[in-house]
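To start, the structure under review is shown below, and the notes come after it.
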Amino acid sequence: MRTRGQFWRLILLGLGLLGAVGCALQSRPARAQSYGADLGFLSLRVETVSVTIANPAPDQAYNDKVTDGLRKFLAVYPGDYFSPNAAEFAIARVRRNPEIANVTYTYALGRAGGLDVTFTITLATGARKFEGQGFLITNNRADLPVLYDKDGTYVRAKLEALTLTYANNNAWFGQPGPMLNGNPLVQGKPAGAGYSQWVEGYLHYGLYGITPVTDKLYVYGGLSSISSGSKGQELFTNETRGYTFFEDAYAGFITGTTDEKGNRLAFNFSAGRQKFQLANGFLIANTAANGWNRAALQANARWASDMLVLAQLRYNATKLEAFYVEPDELPVINTNTGLAGLNIEARPVAGMTAAASYVTALKGDYAYYGPEGQVIGTREGLNVYDLRATWTPNAPNQPGPFFGIEGAIQNHRDFDMLATAGYAEAGYSFLDKPWSPSISYRLAYFSGDDPDTETYERWDPLLSGGNGEQWVQGSSMFKVVQDSNVIAQRIQGRFRPLPTVEVVPQLWAFTAPSRDNLGGNPALSFLDADSYGYEANVTVKWFPNRNWYVHGMLAYTVPGQAVQDALNDDAKDWFAAMLFVRYSL
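Using the UniProt record's numbering, the first residue of the sequence shown is number 1, and each one after it goes up by one.
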């Protein structure tokens, strides 16, 4: 059968891609130690958090109290995403403690592919008091991007630059006509059969700061802009574009208290334009859109929502948050979405995170289609209930298994709807072996509509996404089949041939749980088969230091029988390649 032959061809190609990368890297000695542009170090979950004292006191109990107190104050835990701004704001507050002279931090790529974060405390006893730093104080360029850091007031500049090139052969399976029919993102000539390539990039620049109002109340904010541009034969257009607009524009306050036993209770409130991701991005990650007149389609320049109101209450490692988010959508496909929700996350035992979320659409024009093509309702009134957990029973940086599971349902206040989605993942890390390999299998399910029932069952993907290891499922296939009416199986490896290099190969298989696919790609509205297709991709990430990040990707996508039938058996295999370099000050 043609589909089976394609699958094995894909397997062999995936092994070949990995082998080519491995051979290229093997010549260097190993040392101990959309897919689109991701955020480098800041795309990684925290793997370990270490707190040390540079000049420990003779009293070990006192040292333990200081390190434990700082750990809870910083509220950085394994499984979280690390924010340098949040860490630096917290450190600025800690420095007002007369018992602490200074706190610094470093981070590096962890053995299991996460982020190892280390905080170093200098006690005030026998140490020089922190006198302040920053370019505006010292006139020393080495202090940049810190402009001012004294007495709890901290101001820093942001400068980030990215340049990217992306190439396709037979984009849209060589059939852009039917695959992009009626797509409002098309301007001029889209990519299609044969080879195409474009370049794009952006500059992100701004100011962020925090200052005390009282000993326990601090106000903070950020303001930034992004200038982006694209040139060449992009997926949707061959027109050269440039765009500049605000990115972050928010303000907030944070307060908290620590009891005699060292338990930390903190409250954080902010509002404005800023990035927001709910947990692993299964429900909410892509709070801004790129491409079209904004350019930088694959550079993923913009992440800030049009409006985010966020209130977070944290007691030690337990977090409760309430939010309202309006994504910054492209005007040409603006769904006028506004989502409100509650989220609670806890760590009941070491290595485990358990969480629950509720999300409701207070507004939204995103349409749901019945089996005859009729609009049966819109996103406004949607309710989402989500439960999830992750568990790594082994100690940090030790070999062993890891697991993840999530399940969610959707219903609607205005009509009969019951959609379901979820995933289960299991893997094993061989961190005691050369290259620290790990392998995992993930099965993800997003329901489609059954036309033979009165209930509407197609899953609304909301703002799902993130990066290729989260919920951008397949480098090229995600552009065709997003997180709705799909069963996606993924085998993923992870290797560390060098201390600063990570290689992540993936094999994907995509099938449709329902052949009624109204609401997906128009060319695939009614399916004659179940298989969307297969993809093999490999990503190489190089983290030379905190400022530079280099990322390369190759992907080979094979159309399944459902796509072949929709394109009159003329769908071609799709090859894609990407390379970008990011610098951040």
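Note that beta-carbon positions come from the ideal geometry of N, C-alpha and C, so glycine has one too.
CA nearest to the CA of residue i, picked from the options
{"i": "Ala523", "options": "Val480, Ala576, Gly281, Tyr220", "result": "Val480"}
{"i": "Thr257", "options": "Leu70, Val103, Phe323, Ala562", "result": "Leu70"}
{"i": "residue 593", "options": "Gly364, Asn316, Leu431", "result": "Absent from the model: residue 593. The displayed extent of the chain is 1 to 585, so no value can be given."}
{"i": "Gln298", "options": "Met307, Asp306, Ala288", "result": "Ala288"}
{"i": "Thr244", "options": "Ile226, Asn55, Asp483, Met477", "result": "Ile226"}
{"i": "Leu382", "options": "Thr392, Phe415, Phe402, Trp292", "result": "Phe415"}
{"i": "Trp172", "options": "Tyr195, Gly152, Pro212, Val155", "result": "Tyr195"}
{"i": "Ile100", "options": "Tyr62, Lys319, Phe402", "result": "Tyr62"}
{"i": "Ala296", "options": "Pro371, Glu239, Ala566, Thr378", "result": "Glu239"}
{"i": "residue 586", "options": "Gly291, Leu308, Val309", "result": "Not covered by the structure: residue 586. The range shown for the chain is 1 to 585."}
{"i": "Gly40", "options": "Asn140, Gly132, Tyr549", "result": "Tyr549"}
{"i": "Leu585", "options": "Gly113, Leu203, Gly174, Ala356", "result": "Leu203"}
{"i": "Asn343", "options": "Lys319, Val325, Asn334", "result": "Lys319"}
{"i": "Asp573", "options": "Gly520, Gly466, Arg582, Ser476", "result": "Ser476"}
{"i": "Thr106", "options": "Ile91, Arg156, Gln492", "result": "Ile91"}
{"i": "Asp38", "options": "Leu339, Pro559, Trp471", "result": "Trp471"}
{"i": "Leu554", "options": "Asn334, Ala577, Pro145", "result": "Ala577"}
Unbroken alpha helix (DSSP H) run spanning residue i, endpoints
{"i": "Ala317", "result": "Run containing Ala317: none; DSSP gives neither H nor E here."}
{"i": "Gln60", "result": "60 to 74"}
{"i": "Gly272", "result": "Taken as a continuous stretch (DSSP letters only), Gly272 belongs to no alpha helix (DSSP H), being part of the beta strand (DSSP E) at 264 to 273."}
{"i": "Gln561", "result": "561 to 566"}
{"i": "Met179", "result": "176 to 179"}
Cβ-based neighbour list, residue i, same chain, cut-off 7 Å, excluding 5 preceding and 5 following
{"i": "Asp248", "result": "Gly206, Gly222, Leu223, Ser224, Arg273, Gln274, Ala304"}
{"i": "Val21", "result": "Interpretation of Val21 is limited by its pLDDT of 40, a score under 50 that renders its predicted location unreliable; the figure taken from the coordinates is listed afterwards. Counting only Cβ-Cβ distances below 7 Å, and skipping sequence neighbours, we find Val503, Val538, Val540."}
{"i": "Asp569", "result": "none"}
{"i": "Leu217", "result": "Phe253, Thr255"}
{"i": "Arg28", "result": "With a pLDDT of only 34 at Arg28, under the threshold of 50, the placement of this residue in the model should not be trusted, and no figure is reported."}
{"i": "Ile53", "result": "Asn63, Val66, Thr67, Ile121, Leu123"}
{"i": "Leu18", "result": "For Leu18, the pLDDT reaches just 42, beneath the cut-off of 50, and the residue's location in the model is therefore unreliable, although a value from the coordinates is still provided. Hits under 7 Å: Pro505, Val538."}
{"i": "Glu454", "result": "Asp416"}
8 Å Cβ cutoff met for residue i and residue j
{"i": "Ala193", "j": "Asn168", "result": "no"}
{"i": "Ala571", "j": "Asp530", "result": "no"}
{"i": "Glu425", "j": "Ser440", "result": "yes"}
{"i": "Phe135", "j": "Asp143", "result": "yes"}
{"i": "Glu380", "j": "Ala361", "result": "yes"}
{"i": "Gly351", "j": "Thr392", "result": "yes"}
{"i": "Gln410", "j": "Val384", "result": "yes"}
{"i": "Tyr81", "j": "Arg111", "result": "no"}
{"i": "Ala285", "j": "Gly79", "result": "no"}
{"i": "Gly519", "j": "Ser484", "result": "yes"}
{"i": "Pro401", "j": "Gly373", "result": "no"}
{"i": "Ala161", "j": "Tyr583", "result": "yes"}
{"i": "residue 589", "j": "Leu431", "result": "Examination of residue 589 is not possible in this model, given that the chain is present from 1 through 585 alone."}
{"i": "Asn336", "j": "Gly364", "result": "yes"}
Sequence-distant residues of its chain with Cβ nearer than 6 Å to residue i (five each side left out)
{"i": "Val49", "result": "Val76, Val117"}
{"i": "Val504", "result": "Arg494, Thr539"}
{"i": "Asn85", "result": "Tyr208"}
{"i": "Ile487", "result": "Tyr445, Thr511, Pro513"}
{"i": "Gln312", "result": "Asn268, Glu321"}
{"i": "Ala32", "result": "For Ala32, the pLDDT reaches just 31, beneath the cut-off of 50, and the residue's location in the model is therefore unreliable, although a value from the coordinates is still provided. Correct list: empty, nothing qualifies."}
{"i": "Arg515", "result": "Leu527"}
{"i": "Phe575", "result": "Asn169, Tyr556"}
{"i": "Leu579", "result": "Thr165, Gly552"}
{"i": "Leu310", "result": "Ser270, Phe323"}
{"i": "Gly370", "result": "Ile376"}
Close beta carbons around residue i, own chain, < 8 Å, minus the five adjacent residues each side
{"i": "Tyr423", "result": "Phe282, Gly404, Ile405, Glu406, Arg442, Leu443, Ala444, Tyr445"}
{"i": "Leu15", "result": "Note that Leu15 has pLDDT 45, beneath the 50 cutoff, so the model's placement of it is unreliable and no number is given."}
{"i": "Ala30", "result": "Residue confidence is low: Ala30 scores 33 on pLDDT, short of 50, so the model does not pin down where it sits. No coordinate-derived value is stated."}
{"i": "Cys23", "result": "Annotation note: pLDDT 39 at Cys23 (below 50); position unreliable, coordinate value reported separately. Around Cys23: no qualifying Cβ."}
For residue i, the first and last residue of its enclosing beta strand (DSSP E)
{"i": "Glu247", "result": "241 to 258"}
{"i": "Met477", "result": "Segment: none, Met477 is in no beta strand (DSSP E) and carries neither H nor E."}
{"i": "Met352", "result": "352 to 363"}
{"i": "Pro138", "result": "Looking at the sequence itself, residue 138 is Thr, so the reference to Pro does not match. No beta strand (DSSP E) contains Thr138, which is instead part of the alpha helix (DSSP H) from 135 to 138."}
{"i": "Pro505", "result": "501 to 511"}
{"i": "Val94", "result": "Val94 -> not in any beta strand (DSSP E); alpha helix (DSSP H) instead, spanning 84 to 94."}
{"i": "Asn343", "result": "338 to 346"}
{"i": "Gly404", "result": "400 to 412"}
{"i": "residue 586", "result": "Residue 586 lies beyond the stretch modelled for the chain, which goes from 1 to 585, so this question has no answer here."}
{"i": "Arg156", "result": "153 to 169"}
{"i": "Ser584", "result": "574 to 584"}
{"i": "Thr104", "result": "100 to 109"}
{"i": "Asp386", "result": "382 to 391"}
{"i": "Glu535", "result": "531 to 542"}
{"i": "Arg494", "result": "486 to 498"}
is_contact[residue i, chain B] using C-beta, thresh 8 Å
{"i": "Met307", "result": "The displayed structure is made up of one protein chain only, and chain B is not part of it."}
Requested in this report: Would you be able to state if there are at least three C-beta pairs under 8 Å between the stretch 500 to 508 and the stretch 531 to 545?
Outcome: They touch, by the three-pair rule.
Query - Touch test, the stretch 277 to 284 against the stretch 230 to 244, Cβ-Cβ under 8 Å, three pairs minimum - result: At 8 Å Cβ cutoff, the stretches do not touch.
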